[in-house]
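A.B. asks:
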Amino acid sequence: MRDEQKLREEIEATLNSLEGIQCAEPSYYFKSKLITRLENKTAKKSSWLFPHLARPSIAIAVLLVFLILNVVTISSLLRQKNQRASSTELQSFAQEYNLGTTTLYDTNTIK
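Counting from 1, position 26 in the sequence shown corresponds to residue 31 in my numbering; the numbering is continuous, with no gaps.
1) Between Ile65 and His57, how many whole angstroms is the CB-CB distance? I'm expecting something under 8 Å.
2) So Gln10 is in the alpha helix (DSSP H); what residue range does that whole segment cover?
3) Hey, how far is the Cα of Gln10 from the Cα of Phe35?
4) Could you tell me the distance, in whole angstroms, from the CA atom of Pro103 to the CA atom of Phe71?
5) Could you pull out every residue in the same chain whose Cβ sits closer than 8 Å to the Cβ of Val67, ignoring the five residues on either side in sequence?
See below:
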């Protein structure tokens, strides 16, 4: 019985201590400081490549490398297309004049 009374007194004392609690108020510049801190953290997390690409000399060098790669690729593709076209033209020319067949003259050459 005494334990119950003691427990109730402790509960009442605890609840009475909560009466003086006030809502927490942030400082006046809390929002601007928080936004600045978050922006700094996200800027640090960005890749190491992006800050380097912001330099004009590196950006121009990367663009030139891509430009050279594109020119080489396009020229090799055009060269392959021209080679295919020329071989197709030669084959059609050979078929038209029967150059791919062996004749009696070809088989009876003098040795």
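Ideal Cβ placement from N, Cα and C applies to all residues, glycine included. Bear in mind that the values here come from a model prediction, so they are computed numbers and not experimental data.
C.D. replies: Here's the rundown:
1) Reading the sequence shown from its first residue, position 60 is the one you call residue 65. Reading the sequence shown from its first residue, position 52 is the one you call residue 57. Wrong, their Cβ atoms sit about 13 Å apart, outside the cutoff.
2) As a working mapping, residue 10 is identified with position 5 in the sequence shown. For Gln10, the enclosing alpha helix (DSSP H) has its first and last residue at 7-22.
3) Residue mapping note: residue 10 aligns to position 5 of the sequence shown, counting from 1. Residue mapping note: residue 35 aligns to position 30 of the sequence shown, counting from 1. Approximately 46 Å between the Cα atoms of the pair.
4) By 1-based counting over the sequence shown, the position of residue 103 is 98. By 1-based counting over the sequence shown, the position of residue 71 is 66. Going by the sequence as given, residue 103 is Asn instead of Pro. Taking the straight line joining both Cα atoms gives about 48 Å.
5) Here residue 67 is taken as the residue at index 62 of the sequence shown, counted from 1. For Val67, where only same-chain residues beyond five positions count, the Cβ hits under 8 Å are Leu58.
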